[in-house]
Each structure stands twice: as C-alpha cells, then as structure tokens.
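>
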Amino acid sequence: MPGFRPKSSPLDSLRPAAFGADPAGERMARIRRSPNFADGVFVNPAGERHAPSGSLLRYLPTYFRKEERLRRAPAHAVPVHPTTVADLAVPAASGLRLTWMGHSSVLAEIDGARVLFDPVWSERCSPFAFAGPRRLHPVPVPLAETGRIDAVVISHDHYDHLDMPTVRALARRGTAFVVPLGVGAHLEHWGVPADRITELDWHEQTHVAGLTLTATPARHFCGRALRNTQHTLWASWVAAGPVHRVFHSGDTGYFPGFAGIGAQYGPFDATMVQVGAYSEEFWPDIHMTPEEGVRAHADLQGGASPGLMMPIHWGTFVLAPHPWEEPAEGTVSAARRTGARIAVPRPGQPFEPVAGLPLDPWWRQVAARPEDGRPAVGTTASPAGRTAGAAEAAGTGTTVRV
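Heads up: the sequence shown runs through residues 7 to 408, numbered per this note's numbering.
(1) Given that a residue counts as buried once 16 or more other Cβ atoms are within 10 Å of its Cβ, and exposed if not, what is H167?
(2) Take G4 and list the residues in its own chain whose beta-carbon comes closer than 6 Å to its own, dropping the five residues that flank it on each side.
(3) Pick from P273, S161, Y165: whose alpha carbon is nearest that of R225?
(4) Which value, in whole angstroms, describes the spacing of the CA atoms of A182 and S255?
(5) Ordered along the chain, which non-local residues of its own chain (more than five positions away) have a Cβ less than 8 Å from that of T385?
(6) Taking the Cβ atom as the reference point for each residue, do G313 and P359 lie within a distance shorter than 9 Å?
(7) In three-state DSSP terms, what is G401?
(8) Taking the beta strand (DSSP E) that A98 belongs to, which residues open and close that run?
(9) Inspect the beta-carbon positions of L187 and L219 and report whether they are closer than 9 Å.
(10) Does P356 pass the burial test, meaning 16 or more other C-beta atoms within 10 Å, or should it be called exposed?
(11) Quick one: give me the first and last residue of the alpha helix (DSSP H) that M34 is part of.
(12) Residues in its own chain within less than 7 Å of G308 by CB, not counting five upstream and five downstream?
(13) Would you identify the three-state DSSP class for T386, choosing helix, strand or coil?
(14) In chain order, which continuous runs of the beta strand (DSSP E) of length 3 or greater are located wholly inside the stretch 177-233?
(15) Taking the beta strand (DSSP E) that A276 falls in, what are its first and last residues?
(16) Roughly how many angstroms lie between the CA atoms of G434 and D169, to the nearest whole one?
(17) Within the present structure, is the beta-carbon of A276 separated from the nearest heavy atom of the ligand SAM by less than 8 Å?
(18) Name the one or two DSSP bridge partners that V173 has.
(19) Identify every residue that forms a DSSP beta bridge with F357.
(20) Just tell me which of E332, A310, I292, R251 has its CA closest to the CA of S100.
(21) Quick one: grab the DSSP three-state call for A246.
(22) Should T152 be labelled buried (16 or more other beta-carbon atoms within 10 Å of its own) or exposed?
(23) Is DSSP giving F253 helix, strand or coil here?
(24) If you draw a straight line from the C-alpha of G29 to the C-alpha of R230, how long is it?
(25) Mapping DSSP to helix, strand and coil, what is P333?
(26) Provide the residue span of the alpha helix (DSSP H) that contains L306, from first to last.
(27) Using the C-alpha atoms, what's the distance from P125 back to R21?
(28) Which one of G197, H213, W196 has the shortest CA to CA distance from T204?
(29) I'd like the list of long-range same chain contacts for S111, defined as Cβ closer than 6 Å, with 5 residues on each side in sequence excluded.
(30) Who are the near neighbours of L206 in its chain, counting only those whose CB is closer than 6 Å to its CB and skipping five residues on each side?
(31) What first and last residue would you give for the beta strand (DSSP E) that runs through F123?
(32) Taking all protein chains shown into account, decide if V2 is buried (16 or more other Cβ within 10 angstroms of its Cβ) or exposed.
(33) To which residues of the same chain is A98 closer than 7 Å at the C-beta, ignoring the five residues directly before and after it?
(34) Restricting to Cα atoms, I'd like to know which of A373, A283, L122, R342 is closest to F253.
(35) For P80, I'd like the list of residues in its chain whose CB is within less than 7 Å of its CB, leaving aside the five on either flank, ordered along the chain.
(36) Measure the beta-carbon distance from G108 to T277 and round it to whole angstroms, keeping in mind my assumption that it falls under 8 Å.
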C-alpha cells in the first residue's frame, strides 16, 4: 500500500552499507502491484522455491575438503587479454562487439551505444573487504578506462552482480542505471540520484541511447542481507538496437520461458548465458549447467539462423563445488553435440559475434589437475544446477579498481 515502510530496528544503524536498503513507500507500492508478486514475495515463472533450505550448511563440508577445494580454483594465473583498452578504442566494424570482463560482467557495444551488464570490479564478492569469494584474475580494464557507458544494466541484487563500490564509481560518471523492480532502493541508498534509475518489471521496456532495454523473466531469487524479504525482482535482459539485439541471462535456472522470450524479442545476434556456479545436489533450481545453458540459447533462437552464445558466470569467483574449468568444457562439449556457435574469450578479449572467435581452450593450461594426472574434466559437465549458489547468497567486494 502507498506509504508502507518496514519497521525500523535499533540494529539498523549497524547494518553495513553494502547490504543496501529495503524498498519502501511508492516503490514498495509498485512492487505490490506487480503480477509477479504474490503472498508478499516475488515468485518465479513456474512457481519454484526461492532458495534451497539448508543448502549452505550442507555445502560447507564439501567446501573444505582439500582436493575438491583445489579443483575449484585454477592452478595457474588466468590469462587476461593484454590490450583491451586499445582494442576498444577502435569502433566495432560490424556495429556489435562484446567484451567479457569476467563472471557476468560484459561490456556490449550495440549500434553505437555502450551497455555494461552486471559490473563487478571489486576484489571480493562480499559485503566485507576481509571475507568472501575473492577474484581469481584481475579486472581486464580499470573502471575509469572503460570509456563512455550509456547504461548500466543489473540483473539482480546478489553481490556477484550488484557491487556497491562499482555502482558508486559509475554513479560519479553520471551513468543511467536500468534495474529490476526494487533494486533502485539499493542504488539510492548508495547515492545514485533517483532520476538516473529506471526500474522495470518483466516485459517492461525503456529507451537509452537509441537502444530498447527490456526486462525479461528469469528463474532465480534475490537478497543481500541477513533477512531476505524477496522484495527485489530478478531478470534477464534484452538490449535491442536499430540493427542488432543481444540477450543477457543474469542468473537463472532453465525454464520453458526461454522459448517465449525468443519468440517475442529474438532472434538474437548474441546471447550471454549463465553456465557456472551450478549444483544439482545443493541448489538444483535456479542456476543452469552448461548443457542447460546451450539448450536455453537454442530456445532463445527459436530455430532461426543461429546467433552466437558466450558463456558467462564462471572463471572469476569460486561459488560452487564443480571444478573451475568445467563450465567452459561443458559448454564446448554441448555446443559440439548441438551445432551451436559459441565463443569462449579470455577475460577482456573483445570480439564481434558476426565473426566469432577461433576456439582456443586456454583454460586447459590453467586448470588444476587431480593427483592421478588425468584431466580434471571430461567431455561433459557434471549434472545440472538451478537455485542459487550458497556462496553467492553470502557475499561480493568492497575494494573496487577504478
């Protein structure tokens, strides 16, 4: 109802700034009017649970087992593309270029506009500088050298997608932010002016720098604080220019709605699809395996002339029990079986989807190997994943590289 505001507590003054803020007032009233809000919470497209009960506690013994812990991180330095800034200074010949900055952070140059998806430049994905998943490779480009950013698009409010120091740095540049319903409360709490924030429900659109940005459904959940009220929405995104269009999955489990998104807004020149931080055992509902990610890409294309898929949400932070390189290996294997076009760039390596990238399995020289000397990963990835990673729900950084 209009004017609704959560009751304050004496502990609110001790709440870390990185926790953000709960929606209130007219923002909360708009959330309550959403067709995707029921019984006091946002709900998934097919009514799946938000998060697995007790998943973090069940995951901890696996997390601390030595051999498995070693396999979850690379054995050698992750090769970051060395000339990203110089490469980005040259306009994209085709009008569409993607640069994976690591995890789910992608700079998309679309018909002259520049969109930064889920930017996380901090050293850790956590509300604290001293704890939480730590970055496995440097950011390819200092934030100050990314050039003009017309819009920052956020998929949801987990720490590995919504990073307070990065948001504050971008806010000082006058950037527009486009986010799902409720996420604007966090941004305003961190000093982003309200008139630079656009909040969208699923299938709502806004226009920035000649692009149409559309929030589309995803199968996930939200929350940054100890009390997760499920009052902020999660979304995938379509960014469409006069000539090109792309899809960014954010975090999501596989669900039949991908075909509907493709039919309504596709086909896409490129899709950026989450393929990492899955676990069938611990969070089986709202993260995709590589096989599911490639299937989602095919659904989004709807049988049309295939665009290119870039796997995201892997390689930068340890958020799940699978081996570090498994998302890349699984994506390559699934793409070979289905004939999907994929690109697996090194962090910071710009490429134009029309040309694609030669398949360079750079991750194999980086990955850890088990004691018996066999490859850490076979030709397929381990079983699927769908609810959200336990580590993801726990935390993301406070030292941003600007």
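From the three backbone atoms N, C-alpha and C, an ideal C-beta is built for every residue, glycine too.
Predicted, not measured: the structure shown is a model, and the values here were computed from it.
Checking against the coordinates, here is how it stands:
(1) buried
(2) Outside the shown range of the chain, which is 7 to 408, sits residue 4, and nothing can be said about it.
(3) S161
(4) 20 Å
(5) Any reading at T385 needs caution, since the residue's pLDDT is 34, under 50, leaving its predicted position unreliable; the model's value is listed next. Cβ neighbours of T385 beyond the five flanking positions: E335, S339.
(6) yes
(7) With a pLDDT of only 34 at G401, under the threshold of 50, the placement of this residue in the model should not be trusted, and no figure is reported.
(8) Per DSSP, A98 belongs to no beta strand (DSSP E) and is neither H nor E.
(9) no
(10) buried
(11) 31-39
(12) A265, G268, A269, G272, P273
(13) Since pLDDT at T386 reaches only 33, below the 50 mark, its modelled position is unreliable, and the value read off the structure follows with that caveat. Reduced to three states, the DSSP call for T386 is coil.
(14) 182-186, 203-206, 211-214, 217-222
(15) 276-280
(16) Nothing about residue 434 can be reported from this structure: the residues present for the chain run from 7 to 408 only.
(17) Only the bare structure without any ligand can be found here, which leaves the ligand SAM out of the picture.
(18) According to DSSP, which records beta bridges pairwise, V173 is partnered with nothing at all.
(19) L104
(20) R251
(21) strand
(22) buried
(23) strand
(24) Sequence check: residue 29 is Pro here, not Gly. Using only the alpha carbons, I get a separation of about 13 Å.
(25) helix
(26) 296-307
(27) 23 Å
(28) H213
(29) D124, P125, V126
(30) A221
(31) 119-123
(32) The structure shown does not extend to residue 2, since the chain spans only 7 to 408, so no value can be given for it.
(33) E115, E358
(34) L122
(35) L142, W330, V372, A373, A374
(36) Not confirmed; about 18 Å, so no contact.
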